[in-house]
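Peer 1: Taken in order, these protein sequences are the chains called A and B. To convert, note that position 2 of the first sequence is 190 in the working numbering; the numbers rise steadily by one, no gaps. To convert, note that position 4 of the second sequence is 44 in the working numbering; the numbers rise steadily by one, no gaps. All C-beta atoms in this analysis are idealised placements derived from N, C-alpha and C, irrespective of residue type, glycine included. In this text the structure is predicted, and so the values were computed from the model without any measurement.
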Amino acid sequence: ILNVEQSPQSLHVQEGDSTNFTCSFPSSNFYALHWYRWETAKSPEALFVMTLNGDEKKKGRISATLNTKEGYSYLYIKGSQPEDSATYLCAFEETSGSRLTFGEGTQLTVNP
Amino acid sequence: EAQVTQNPRYLITVTGKKLTVTCSQNMNHEYMSWYRQDPGLGLRQIYYSMNVEVTDKGDVPEGYKVSRKEKRNFPLILESPSPNQTSLYFCASSSPTSGSYNEQFFGPGTRLTVL
């Protein structure tokens, strides 16, 4: 079983704060790293698929970076808003089409 | 609208009473998976299927069965449910062969309680 770890497990920030969290994964046999956003009472939705070392992707105030050599990815949220409150999941894809191994997620709460 | 549907969304049942949770997708995806989500454990894959009549065990397959007779459907069967199968279940589909990597499209979830 592959080891995918996310930290912190939970995070409380104030509206307007910028924040970031980490996903670590095996640095060998890398194919892709996925980020999902999961709001309470909804289903997880894809944010980014990251494939190349040094990749940086952005969607609005959310961005992510990837370091495949050392096996980590960061997710950043700039100027957090209450609607950003969700659990953020990363998932490791080892080879093309292989099943995803998910981390336990980081639960973000943004207080107004 | 492209979607993954699951039924039922909520189910309370008793130990030992066989049940089936249906999953259907309308995106012509080859791959389908079942996950369970438990507090502190994240999403764990139960079974997955890479195409019709092709299924394989995930991380936590004990106590579950699946079938893939048609491309669009992937039902999850609990032959004799037990309380430790109380969980939130997600079905997902994907199409890694189309160049989109294995990005998962999730259904709305089924919350199962086994008494």
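Go through its chain and collect everything with a Cβ distance to residue 258(A)'s Cβ below 7 Å, but skip five positions before and after it.
Peer 2: 215
Peer 1: Leaving out five residues before and five after residue 208(A) in sequence, what residues of the same chain have Cβ atoms less than 6 Å from its Cβ?
Peer 2: 262, 264
Peer 1: What do you reckon, is the C-beta of residue 265(A) under 8 Å from a heavy atom of the ligand GTP?
Peer 2: You won't find the ligand GTP in this model; it holds no ligand whatsoever.
Peer 1: Please list the partners that residue 81(B) has in chain A, where partner means a Cβ-to-Cβ separation under 8 Å.
Peer 2: Within 8 Å Cβ-Cβ: 292.
Peer 1: Could you tell me the alpha carbon to alpha carbon distance between residue 234(A) and residue 155(B), rounded to whole angstroms?
Peer 2: 34 Å
Peer 1: Just the Cα atoms here: how many angstroms apart are residue 213(A) and residue 191(A)?
Peer 2: Distance between residue 213(A) and residue 191(A), taken at the CA atoms: about 6 Å.
Peer 1: Assuming residue 192(A) is part of the beta strand (DSSP E), what are its boundary residues?
Peer 2: Run containing residue 192(A): none; DSSP gives neither H nor E here.
Peer 1: When you compare the CB of residue 110(B) with every CB in chain A, is at least one pair closer than 9 Å?
Peer 2: no
Peer 1: Compare the Cα-Cα distances from residue 90(B) to each of 78(B), 80(B), 68(B) and report the closest residue.
Peer 2: It is 68(B) whose Cα lies nearest to the Cα of residue 90(B).
Peer 1: Among 135(B), 122(B), 94(B), whose alpha-carbon lies nearest the alpha-carbon of residue 104(B)?
Peer 2: 122(B)
Peer 1: If you count every other CB in all the chains shown that lies within 10 Å of the CB of residue 136(B), and 16 or more means buried, which is it?
Peer 2: With 16 or more other Cβ atoms within 10 Å, it is buried.
Peer 1: Ordered along the chain, which non-local residues of its own chain (more than five positions away) have a Cβ less than 7 Å from that of residue 134(B)?
Peer 2: Taken in chain order, the residues that qualify are 69, 71, 142, 143, 144, 145.
Peer 1: Can you pull the chain A residues whose beta carbon is under 9 Å from the beta carbon of residue 73(B), in chain order?
Peer 2: 287, 288
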